[in-house]
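Chemist: Going by this note's numbering, the sequence shown opens with residue 22, and the numbers climb by one from there. Glycine included, every Cβ here is placed at the ideal spot set by N, Cα and C.
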Amino acid sequence: MLRVPRRTALLLSASMPVLAGCHRAEGRPTLFELLPAERTGVTFVNRLPEDAAFNILNYLYYYNGGGVAVGDVNNDGLPDLYFTSNRGPNRLYLNKGNYRFEDVTEQAGVADSEGWKTGVTMADVNGDGWVDIYVSAVSYLTMHGHNVLYVNNGDGTFSDRTKEYGLDHVGASTQALFFDYDGDGDLDMYLLNHSTHTERAISRRATGSERTPRAGDRLFRNDGGHFVDVSEQAGIDRGVEGFGLGVVASDLNLDGCPDLYVANDFQENDFLYLNNCNGTFTESIAKATGHTSRFSMGVDAADFNNDGRPDVAVLDMLPDQEKVLKTSANAESFNVFYLRLQAGYHPQYPRNTLQLNRGPLGGTLRFSEIGYLAGVYATDWSWAPLFADLDNDGYKDLFVTDGIYRRPNDLDYINYVGNEAVQASLAQGITHENLTLLQRMPQIPLPNHAFRNNGDLTFTNMAAAWGLAQPGFSNGAAYVDLNNSGALDLVVNRINAPAAIYRNHAREINGNAYLTVLLQGSGGNTAGIGAKVIIKHQGTTQLLEQMPTRGFQSSVDPRLHFGLGSSKQIDSLTVIWPDRRFQVLTNVAVNRTVTLSQHDARGRYAFGRDSAERPLFEDATARLAVDVKHLENSFYDYNRQPLIPHLLSTEGPALAIGDVNGDGLDDIYVGGAKWQAGRLLVQQRDGTFRASRQPAFQADSLSEDVDAIFFDANGDGHPDLYVVSGGNEFWGDADALQDRLYINDGHGHFHRDTQALPRFSESGSCVAVAGDFLFVGRRVARDYGLAPRSYLLENDGRGHFRDVTLEKAPGLAHVGMVTSAAWVDYDHDGKLDLIVVGEWMPVRVFHQENGGFVDRTVEAGLAGTEGWWNTVRAVDLNGDGREDLVLGNLGLNSYLRAAPAEPARLYVHDFGHNGTVEQILTFYKHGVSYPLAGRDELVRLIPQLRSRYPSYAAFGASRIEDIFSASELKQATVLEAHLFASSVALNSGHGTFDLQPLPVEAQFAPVYASVAQDFDGDGRIDLLLAGNMYGVPPVLGRYDASYGVLLRGTGDGRFAAVDMEKSRLAIDGQVRHMELLRRAGGGRLIVVARNDAKVQILRPLHAR
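1) Just mark Leu652 as buried or exposed, buried being the case when its beta carbon has 16 or more other beta carbons within 10 Å.
2) Going by DSSP, name the residue or residues bridged to Gly873.
3) Buried or exposed: which applies to Ser1084, given that a residue is buried once 16 or more other Cβ atoms fall within 10 Å of its Cβ?
4) Excluding the 5 residues flanking Gln715 on each side, which residues of the same chain have their C-beta closer than 6 Å to its C-beta?
5) Determine the direct distance from the alpha carbon of Arg239 to that of Ile257, and round the result to whole angstroms.
6) When you compare only the Cα positions, how much space is there between Leu23 and Pro863?
7) Distance, Cα to Cα, Ala694 vs Pro740?
8) Excluding the 5 residues flanking Gly624 on each side, which residues of the same chain have their C-beta closer than 7 Å to its C-beta?
9) On the DSSP bridge list, what partners appear for Lys138?
10) Can you look up Ile1127 in the DSSP assignment and give me helix, strand or coil?
11) Taking C-beta to C-beta, are Ala1030 and Met1095 nearer than 7 Å?
12) Is Phe944 near Arg969, with beta carbons less than 7 Å apart?
13) For a test of the three-state rule: what should DSSP assign to Pro716, helix, strand or coil?
14) Give me, in chain order, the residues of the same chain whose beta-carbon lies closer than 7 Å to that of Tyr121; leave out the 5 immediate sequence neighbours on both sides.
15) For the candidate residues Arg461, Phe241, Asp1089, whose alpha-carbon lies nearest to that of Arg379?
16) Arg330 by DSSP, collapsed to three states: which one?
17) As a quick exercise: from Gln590, Ser106, Leu996, pick the residue whose alpha carbon is nearest that of Pro924.
18) Less than 7 Å between C-beta atoms, sequence neighbours within five positions excluded: which residues of the same chain meet that for Gly507?
19) Go ahead and pull the three-state DSSP assignment for Gly92.
20) Let me know if Ala1 comes out buried or exposed under the rule of 16 or more other beta-carbons within 10 Å of its beta-carbon.
21) Note down, in chain order, each residue of its chain lying with its Cβ closer than 8 Å to the Cβ of His312, except the 5 sequence neighbours on either side.
22) How would you call Gly679, buried or exposed, if buried means at least 16 neighbouring beta carbons within 10 angstroms?
23) Among residues of its own chain, excluding the 5 on either side of Asp728, which ones have a beta-carbon nearer than 6 Å to its beta-carbon?
24) Where does Ala881 fall in DSSP's three states?
25) State whether the segment 406-422 contacts the segment 59-79, with contact taken as three or more CB pairs (one from each stretch) at a distance under 8 Å.
26) Quick check for students: name the residue ranges of the beta strand (DSSP E) that lie wholly in the segment 620-690, counting only runs of 3 or more.
27) Given this structure, state the Cα-to-Cα distance separating Arg1069 from Ala1124, to the nearest angstrom.
28) Could you tell me whether the segment 998-1016 touches the segment 881-892, using the rule of 3 or more Cβ pairs below 8 Å?
29) Please report the distance separating the alpha-carbon of Leu606 from that of Gln619.
30) Compare the C-alpha of Arg722 against each of Gly329, Gly738, Ile689, Asn654 and name the closest.
31) Excluding the five sequence neighbours on either side, which residues of its own chain have a C-beta within less than 6 Å of the C-beta of Asp621, listed in chain order?
32) Would you mind stating whether Val1130 and Val152 have Cβ atoms separated by less than 7 Å?
33) Can you name the start and end residues of the alpha helix (DSSP H) that Gln363 belongs to?
34) What are the boundary residues of the alpha helix (DSSP H) that includes Gln128?
35) Ends of the alpha helix (DSSP H) at Met1081?
36) May I ask you to list the residues that DSSP assigns as paired with Tyr434?
This is the structure we're talking about:
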């Protein structure tokens, strides 16, 4: 198994005690019990009537629902609840204990029955020790809502003092967040707003200067009890394109100042406002993330993997059910996606995203988006993400609310409403007659999701097992310990259904320990909002931040809750207050509430990286005067082959290392893209590099260089240069596809020998040299999925090569879509054998015997290893004298899945009978194999399918066996992939290999390159891996989560990832090759070749 959880999963066995009144599934108690309204007294229902005056046809957020806020409004020690109703009166319920509540809305004076209400938050705004209520609202068309601040009078009543406090915004507000952004001891407010106009067509991205008084977010600074709009001077974007649906505050870069993540719907970027600690913010989403969600809804930030850094979850609307997925609008075409990038937008994809915080390196905060790997990417139309330890095992789980009352993104509805007659009717206004359009929007009640944290960066949906899977339409939600039992209950605001209150029975079921922390702040911030609490127990560190506003339109229990698993004691507890004073407690007892007061804190907490950690790498690019950039030309393979899963035209640059002039110093060749000549960088005595003019390279600039190697081809003792031509723009006998052999005159000057090589008619991928043999791997001839011709060439000793493939290695001729190869004597018989890997290929082993090469993949134990392999490198990983294999694969952070029993498949055939080959990719979801392509993509290429599938509903969850006949499928070339994990194959010494997956951190993105060395000086071989791939259709989303990963070797072939903040390793972009280079003065450098980016030089600081 790749992932081994660090804790034991919750087992709900039949031997557990039966709980009176607790819901049971198959005779076993569930973790949560849905309490009926008759028992709790919470009868609130967010009712949404549908009338011609106000509906989803004229207000796109009509079904976004309401929120819920938690706070002890009467200071009796029990948390109370406030619900917002979009069209009716809001409700305040006092907690009377034992899950009984009393509606005190009218006496409290907080009904707020006017206009359209959205989010709600509770905070002690004026610092008097009594929690206040702020309700956000919308003023649009017939709904004249206005934001309201209800100030708690301390006697059970509230007063509307909105205007007095300067918070009387009128527009389209979603939620308010109170926090102390400037560190002056009182609460300021960020107001999240949304626009009400329809989405703009793709154009140059609007800037914050395009302001409007109604839309655009606001930052209000608290100046002695009156709030002042400081948005512009603080650097907050108030642009017209903001469709803000979620906001959370968190110290994401760990500098002691609260940052903001703003989730924006539609095409506007999400905003990541990093607090400069001087009253201003810097928007940093493009620098910190590779991509975000497209239709961003709710957001939460918390340290879910216990590494001390807050992570971010953002929800979207990607369906998990295949039938719903294929009938819903979601991913756009690659061309439209690219137009958005050209217009200045950050990459966005319509799915949930989980941004793993990798820490600030070199002043830049970086996240790796791992939603696919974590298994939380698809929860359909979702609203509130909440990180909370629901089972008290010490790991934060993820609760997600789901459902929209009517689905306006249904493709059949969109198709119907787009006809001229309907559009003409709507142009005259919404009437009772055309309001019937609502009935054409499907209504699909959805269960919520409860993802249990597996402790290994993955989650498992336990909603059904935990009693949380009742179908419906859930929106705002909050977690709260309603009965002070030490387990977090859940409260959910639902549309046209009673609010849901779920009682948590974790304390009775599993007995896991807990700790509740109540913070008492000083000055105007009485709840200590912005404070951090860090605990250490049983070798684990947990971090919680006091930021109650989170999720969607809601605010949670302000008391901090830690699940502790089997811990009997907390070794240490550190509280860091917003003013940086701190306090440390040791040997803290568990299963209780501890109250911490800011008055007891002392000193000033020092934020920043532990200086005791020695970095392992430094970036030496600028110091060594290396300034070479690969410039990828614009070419989009999808215009020719729309269904391929990634570009084939961005495989460069090539990289080769060798001493070209005999001065004892390694030099660098960096390949060029189309119309860009390769560059030779000659190392100087001072360790810098100088570009060497090479007319022969310039003459061949049409070719795309994808691989290269220095070796002595003609036996004169000087390294010559072989360059592989690749890409996907040319085919047939094009000159640009011909590989090139450049002969070295001994002084580092090269000329091309045009007679040295046979002609090629395929796009190349790799070259590997062993003695007189040269293996030349080819990736594609013209049609993706069909095996091109690869070559085994033999040197005549004078630098001229003859094709001996059919003579000596016929199995290599059409071995597959080759990407990489390595020579290794794996069975120690004194003869080099050939390892070949590729896409939709197993790790192929060609054993040298009787003067030829025979496929011994099965005998070597590597049968069934079909994957999307990108690279292979032979190196002795465990010090036994036998070379093992380092194998880079697609990784596990992908929409696509592959397993031996559930393989990914590619069907290649002229399904349209029009002379054009289609590539139809299928993979398994929930035990059934479905095509990746939807109805539109297939009908566009195969028009005859239109009559079979006249509607999207008709296509629905069609399998490829439903779409094409058995006889048609039998004619197709079918390729399979059984595993996608990057791996090592350990040499057993008996002619076999043992394939083992690398740690999960190595699975964040495709691995294209690897380097092996003892980087930390402990005498054991470590691995440095890098990759990423951006040229991917939006339905899959680009692979960009890797910044390079250092895997520390244990000496026995096993590896453990080194945290980026400890290694100081940061490789941005799409890495294609990495090689070690001998540097002047001794030691090694790592040369990193990146597609469409500068060459990077890393210096290992402690390598041996």
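Modeler: Reading off the structure:
1) Within 10 angstroms of the beta-carbon of Leu652 lie fewer than 16 other beta-carbons, which makes it exposed.
2) Under DSSP, the beta-bridge partners assigned to Gly873 are Glu870.
3) Buried, since its Cβ has 16 or more Cβ neighbours within 10 Å.
4) Taking C-beta separations shorter than 6 Å and ignoring five residues to either side along the sequence, the partners of Gln715 in its chain run Leu701, Phe771, following chain order.
5) Distance between the alpha carbons of Ile257 and Arg239 is about 7 Å.
6) For Leu23, the predicted model reports a pLDDT of 35, less than 50, meaning its position is unreliable and no value from the coordinates is stated.
7) In this structure, the alpha-carbon of Ala694 lies about 23 Å from that of Pro740.
8) Once the five neighbours on either side are set aside, the close Cβ partners of Gly624 are Arg602, Phe603.
9) Lys138 pairs with Ala158.
10) Nothing about residue 1127 can be read from this structure; the chain reaches only from 22 to 1125.
11) Against a cut-off of 7 Å, the Cβ pair of Met1095 and Ala1030 comes out as a contact.
12) No.
13) In the structure shown, Pro716 sits in a helix (DSSP, three-state: H, G or I).
14) Here the sequence assigns Arg to residue 121, which means Tyr is not the residue at that position. Only Thr61, Gly62 meet the Cβ criterion.
15) Restricting attention to Arg461, Phe241, Asp1089, the CA atom closest to the CA of Arg379 is found in Asp1089.
16) Here Arg330 sits in coil by DSSP.
17) Taking each of Gln590, Ser106, Leu996 in turn and checking the Cα distance to Pro924, the smallest one comes out for Leu996.
18) Taking C-beta separations shorter than 7 Å and ignoring five residues to either side along the sequence, the partners of Gly507 in its chain run Arg528, Tyr535, Thr537, Asn612, following chain order.
19) Looking at Gly92 - three-state DSSP - the assignment turns out to be strand.
20) There is simply no residue 1 to check, as the chain begins at 22 and stops at 1125 in what is shown.
21) Once the five neighbours on either side are set aside, the close Cβ partners of His312 are His367, Pro368, Gln369, Tyr370, Thr374, Glu390, Gly1058, Arg1059, Asp1061.
22) Its Cβ being crowded by 16 or more others within 10 Å, Gly679 is buried.
23) Closer than 6 Å at the Cβ level, and outside the excluded window around Asp728, lie Ala675, Val745, Cys787, Val788.
24) It is coil, neither helix nor strand.
25) As far as the Cβ criterion goes, the segment 406-422 does not touch the segment 59-79, which means the pair count is below three.
26) Counting whole runs of 3 or more residues, the segment 620-690 contains the beta strand (DSSP E) stretches 638-640, 676-679.
27) Spanning the two alpha carbons is a distance of roughly 12 Å.
28) Output reads yes: the segment 881-892 touches the segment 998-1016.
29) One C-alpha to the other measures close to 13 Å.
30) The sequence given here places Ser at residue 722; Arg does not occur at that position. Distance check between Ser722 and each of Gly329, Gly738, Ile689, Asn654 places Asn654 closest, using alpha-carbon atoms only.
31) Excluding five sequence positions before and after Asp621, the CB atoms of its chain that fall closer than 6 Å to its own CB belong to Gln604, given in chain order.
32) Any question about residue 1130 goes unanswered here, given that the chain covers just 22 to 1125.
33) In the DSSP annotation of this structure, the continuous segment of the alpha helix (DSSP H) that includes Gln363 starts and ends at 355-363.
34) 126-129 is the extent of the alpha helix (DSSP H) around Gln128.
35) For Met1081, the enclosing alpha helix (DSSP H) stretches over residues 1081-1084.
36) DSSP output for Tyr434 lists no bridge partner at all.
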